[in-house]
Each structure stands twice: as structure tokens, then as C-alpha cells.
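Engineer:
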Amino acid sequence: MTKVVLVGERVPGGLIRSLHRGLEQSGARVTHFNWPDAYLRPSVKRIAFRWPLIATSARERFVSQMSRIDGADAVIVVKGGLLSPRSIASIRSKADAPVVCWNPDSPFDSAVSNRGGHLRHAVGHYDLYVTWSQSLADDLARLGQRTIVVPFGWDDMSYFPPKHRIKELVERPVFVGTWTQRRQRALSSLRSSAVVVFGHRWPRDSGFEVMPAVYEDDYRTVVASAGCAINLLRTQNADSHNMRTFELPACGALQVAPRTHDHERWLTPQDCILFDSYEELATAVDSALSRPRFDITEPPKWLYAHTYAARARSVLAELGIR
Numbered sequence: 039m040t041k042v043v044l045v046g047e048r049v050p051g052g053l054i055r056s057l058h059r060g061l062e063q064s065g066a067r068v069t070h071f072n073w074p075d076a077y078l079r080p081s082v083k084r085i086a087f088r089w090p091l092i093a094t095s096a097r098e099r100f101v102s103q104m105s106r107i108d109g110a111d112a113v114i115v116v117k118g119g120l121l122s123p124r125s126i127a128s129i130r131s132k133a134d135a136p137v138v139c140w141n142p143d144s145p146f147d148s149a150v151s152n153r154g155g156h157l158r159h160a161v162g163h164y165d166l167y168v169t170w171s172q173s174l175a176d177d178l179a180r181l182g183q184r185t186i187v188v189p190f191g192w193d194d195m196s197y198f199p200p201k202h203r204i205k206e207l208v209e210r211p212v213f214v215g216t217w218t219q220r221r222q223r224a225l226s227s228l229r230s231s232a233v234v235v236f237g238h239r240w241p242r243d244s245g246f247e248v249m250p251a252v253y254e255d256d257y258r259t260v261v262a263s264a265g266c267a268i269n270l271l272r273t274q275n276a277d278s279h280n281m282r283t284f285e286l287p288a289c290g291a292l293q294v295a296p297r298t299h300d301h302e303r304w305l306t307p308q309d310c311i312l313f314d315s316y317e318e319l320a321t322a323v324d325s326a327l328s329r330p331r332f333d334i335t336e337p338p339k340w341l342y343a344h345t346y347a348a349r350a351r352s353v354l355a356e357l358g359i360r
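Residue numbers for the sequence shown follow the numbering used here, beginning at 39 and rising by one.
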């Protein structure tokens, strides 16, 4: 049996849980190390992205734990926050296996949590770097990094149509995500559409009805109940797609999303309405709300080519592991 060591922190709605399941569904036996959460207090972790030396002792403790590995075919590091080139080399030696970085964010992004710590310095020290974006892969290749483009996917254990709906949302658009200025500006044209926002850090005076963040069961129920679910791409995803691209149709939601090459080649008119600019967002939402809605009882069949089990198999194949 293929043995994979998975390194990364479990966060609600994050990649680790879905990738863990996908690897197991692909036939691998998975050992998970919760780095850096199990080794650093949250307050220290936040600071370490700016001053990574303060995490040195935690890195050493973590790497020493890797000696418990009884052989592996691959080590997959999700994002790789705060791992130094030296620690990557130590992990490779202890596991006697290739070390892969599977990064759902860009190390060139402006957010310190995405580019801070040792992230940029460590890029070239992995045996393989997995990214979702061809343009980002091109940037990484110029650094001499061996890179593979693997799109985001969906976890069929977490995302599927719910059994119940929230009737108050049936004629309203919803957006699920943490506040940013860019997202607030994009949604500002929808106030007449009574948009409901579910997420962290939205200010009380944003002009929207703001609800707490939702995950798993609540997430499925919210997006499937709504008249439409809005997907707003961050700057680093602006030319491609994100995790919501596949999660929303899997839950039976009608998605309203930016027009990109990825969205045009994957999403169907039955599952999504695309817009070309934020000025067109209001028109796209109005069009979505005017559609008759039907409760979907199972994910669309086309989605099954995009599960995380399929994504995991493609990475293992790239490594020559069957």
C-alpha cells in the first residue's frame, strides 16, 4: 500500500481534510502531522510569519517527530508555512521520500500569511510544487522549480446537496467568505438585492445582513437554499478558479462567478452564471434570481472527474507512484 505523510494544519474548510480523504480514497495510507498548529501558539505563529527565526525551536521539535515515520512513498506539505529549506532537507532524509509542496495559495501574494516566513525561500527546495494556476506555475518554473498544475477539487464526503433548505434564503443571494475591502466593494452594488453575507470580520456598517461564518452542514444548507451563491475570486485566483468553483455546484447551488478560462471550460450554464466585471455582477445576480429553482438531490455527474481522490492520484502519478 502507498504510504503518504501529510503535513499541514487542519482549518475549517481547508485543504488538509479534503486531501487526507482524497488520498485515502485513492488507496493510500495517510499519516498526518499537524504543523505548525500543534507546535506553536496562535499568537506566536502570527508573529513568526514576519520573523521566522522565533519558530526555530518549534521547527526542530517538529522535524524530530518525523523520525517516527516508518518509511514513506511521499511527504506532502500543504502550503508549507514556516518550513525552512533546512527543515525540508531533514524531512526528506528522515522519510527517505520526495517532499512535495501542495500550496493552495501563492507565495507571491501580498498577504503575509501567504508569502511570509520561509515560504519564498523554500520554494525551490521541494522535489515537486503543486499549484492550481498555470500562470503561477510559469512564475515558479522561472525559479527553476519542478511544478505541476493541479486544479482545486471537491470533497464528496463534505460537499453534497443538503436534505433541508432555509426558506428565508430562497429568493436572496448569499456570499460566504471573510471580509476584504475588494469583496465589500464588489457586493456594494447588490444592496437592493438583499444579499446575505456569512463570514468573519465583516463590519457592522457594511450595509449587508451579516451572519457568522458557516462550514460543513451549515455551509451546504446556506448555499443550496439561496437564490444564488456568489463566488468572488481573490487577486491570486483572478485568472483561474478557486475551491468554491467546484464546492458550490456539488452542494446544488446556482453559482454566480467571474468569467475566466477555467470557469468557462468547467462550469455549465445550468450550474453557473458568469459575469465579466463587478459592474455586471448585479445584472448576473438578477438573472440568477429570476431562474426557476429545483432542489438537486445529488452532485452533477461531471463533477466526479474533479474529486480530491482524482487530484491525489494525478500527483502520485507525477511522482511515479501508482
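Cβ atoms here follow ideal geometry from the backbone N, Cα and C, with glycine treated the same way.
Grab me the residues of D75's own chain with a C-beta within less than 7 Å of its C-beta, minus the 5 sequence neighbours each way, in chain order.
Structural biologist: Working through the sequence shown from its first residue, we reach residue 75 at position 37. Around D75: E47.
Engineer: Rounded to the nearest angstrom, what separates D147 and Q172 at their Cα positions?
Structural biologist: One-based indexing of the sequence shown puts residue 147 at position 109. One-based indexing of the sequence shown puts residue 172 at position 134. Near 15 Å, if we compare the C-alpha coordinates of Q172 and D147.
Engineer: If I'm right that R329 touches D314 with Cβ under 8 Å, what's the distance once you round it to whole angstroms?
Structural biologist: For this step, residue 329 is matched to residue 291 along the sequence shown. For this step, residue 314 is matched to residue 276 along the sequence shown. Not confirmed; about 19 Å, so no contact.
Engineer: What is the DSSP secondary structure of M39, reduced to helix, strand or coil?
Structural biologist: Position 1 of the sequence shown, counted from the first residue, corresponds to residue 39. M39 falls in the coil class under three-state DSSP.
Engineer: Report the residue ranges of all alpha helix (DSSP H) runs contained in full by the region 129 to 168; include only those spanning at least 4 residues, in chain order.
Structural biologist: 150 to 153 and 157 to 160
Engineer: Using the Cα positions of G60 and A348, report the straight-line distance between them to the nearest angstrom.
Structural biologist: What you label residue 60 is simply residue 22 of the sequence shown in a count that begins at 1. What you label residue 348 is simply residue 310 of the sequence shown in a count that begins at 1. When rounded, the distance between both Cα atoms is 7 Å.
Engineer: Who does P211 pair with in a DSSP beta bridge?
Structural biologist: On the sequence shown, position 173 is the one that residue 211 refers to. Its beta-bridge partners are C266.
Engineer: Indicate whether A96 and L78 have their beta-carbon atoms separated by less than 9 Å.
Structural biologist: Translated into the one-based positions of the sequence shown, residue 96 becomes position 58. Translated into the one-based positions of the sequence shown, residue 78 becomes position 40. Going by C-beta atoms, A96 is nearer than 9 Å to L78.
Engineer: Give the straight-line distance between the Cα atoms of T273 and R331, rounded to the nearest whole angstrom.
Structural biologist: By one-based count along the sequence shown, residue 273 stands at place 235. By one-based count along the sequence shown, residue 331 stands at place 293. Approximately 31 Å between the Cα atoms of the pair.
Engineer: Check whether the region 206 to 214 touches the region 297 to 310, taking contact to mean three or more Cβ pairs, one atom from each stretch, closer than 8 Å.
Structural biologist: No, the region 206 to 214 is not in contact with the region 297 to 310.
Engineer: Compare the C-alpha of W140 against each of R124, V150, G119 and S131 and name the closest.
Structural biologist: Counted from its first residue, the sequence shown places residue 140 at position 102. By alpha-carbon distance to W140, the top candidate from R124, V150, G119 and S131 is G119.
Engineer: Assuming V248 is part of the beta strand (DSSP E), what are its boundary residues?
Structural biologist: Position 210 of the sequence shown, counted from the start, is the residue given in the question as residue 248. Residues E247 to M249.
Engineer: Could you name the residues that DSSP lists as bridge partners for L44?
Structural biologist: Taking the sequence shown and counting its residues from 1, the one referred to as residue 44 is at position 6. H70 and I114.
Engineer: Three or more C-beta pairs under 8 Å: does that hold for the region 245 to 262 against the region 305 to 323?
Structural biologist: no
Engineer: Out of S131, G358 and A350, state which residue places its alpha-carbon closest to the alpha-carbon of W170.
Structural biologist: As a working note, residue 170 is residue 132 in the sequence shown. The shortest Cα separation from W170 among S131, G358 and A350 belongs to A350.
Engineer: Within 10 Å of its beta-carbon, does R258 have 16 or more other beta-carbons around it, so buried, or fewer, so exposed?
Structural biologist: On the sequence shown, residue 258 is found 220 positions in, with the first residue counted as 1. R258 is buried by the Cβ-count criterion.
Engineer: Are there 16 or more other CB atoms within 10 angstroms of the CB of E254, so buried, or fewer, so exposed?
Structural biologist: Here the question's residue 254 lines up with position 216 in the sequence shown. With fewer than 16 Cβ atoms within 10 Å of its Cβ, E254 is classed as exposed.
Engineer: Would you list, in sequence order, the uninterrupted beta strand (DSSP E) runs of no fewer than 3 residues that lie entirely inside the region 308 to 345?
Structural biologist: Here the runs fully enclosed are 310 to 313.
Engineer: Rounded to whole angstroms, what is the Cα-Cα separation between H279 and L91?
Structural biologist: Here residue 279 is taken as the residue at index 241 of the sequence shown, counted from 1. Here residue 91 is taken as the residue at index 53 of the sequence shown, counted from 1. When rounded, the distance between both Cα atoms is 34 Å.
Engineer: Closest by CA to S325, which one among A343, Y342 and A295?
Structural biologist: Residue mapping note: residue 325 aligns to position 287 of the sequence shown, counting from 1. Of the listed residues, the one whose Cα sits closest to S325 is A295.
Engineer: Within a Cβ cutoff of 6 Å, which residues of the same chain sit near A110, ignoring the five residues on either side of it in sequence?
Structural biologist: Numbered from 1 along the sequence shown, position 72 holds the residue referred to as residue 110. The answer, listed in chain order, is K41, V43, A133 and A135.
Engineer: What's the C-alpha gap between L292 and D193?
Structural biologist: For the purposes of this step, residue 292 is identified with residue 254 of the sequence shown, where counting begins at 1. For the purposes of this step, residue 193 is identified with residue 155 of the sequence shown, where counting begins at 1. Rounded to whole angstroms, L292 to D193 spans 18 Å at the Cα level.
Engineer: What is the DSSP secondary structure of A175, counted as helix, strand or coil?
Structural biologist: To locate residue 175, count along the sequence shown from 1; it is residue 137. Looking at A175 - three-state DSSP - the assignment turns out to be helix.
Engineer: Within its chain, find whatever has a CB closer than 7 Å to the CB of L286; leave out the 5 residues flanking it on each side and keep chain order.
Structural biologist: What you label residue 286 is simply residue 248 of the sequence shown in a count that begins at 1. Here the set comprises V261, A267, N269 and Q293.
Engineer: Alpha helix (DSSP H) containing Q222: first to last residue?
Structural biologist: Position 184 of the sequence shown holds residue 222. That run of the alpha helix (DSSP H) goes Q219 to L225.
Engineer: CA-CA distance, N72 and S230?
Structural biologist: Mapped onto the sequence shown, residue 72 falls at position 34. Mapped onto the sequence shown, residue 230 falls at position 192. Cα-Cα distance, rounded: 44 Å.
Engineer: My assumption, with CB atoms under 8 Å, is that F198 sits in contact with P337. Please give the rounded CB distance.
Structural biologist: Along the sequence shown, read from residue 1 onward, the residue named residue 198 stands at position 160. Along the sequence shown, read from residue 1 onward, the residue named residue 337 stands at position 299. Right, the Cβ-Cβ distance comes to about 6 Å (below 8 Å), so this counts as a contact.
Engineer: Return the chain-ordered ranges of every alpha helix (DSSP H) run that is complete within the region 270 to 295 and spans a minimum of 4 residues.
Structural biologist: 282 to 288
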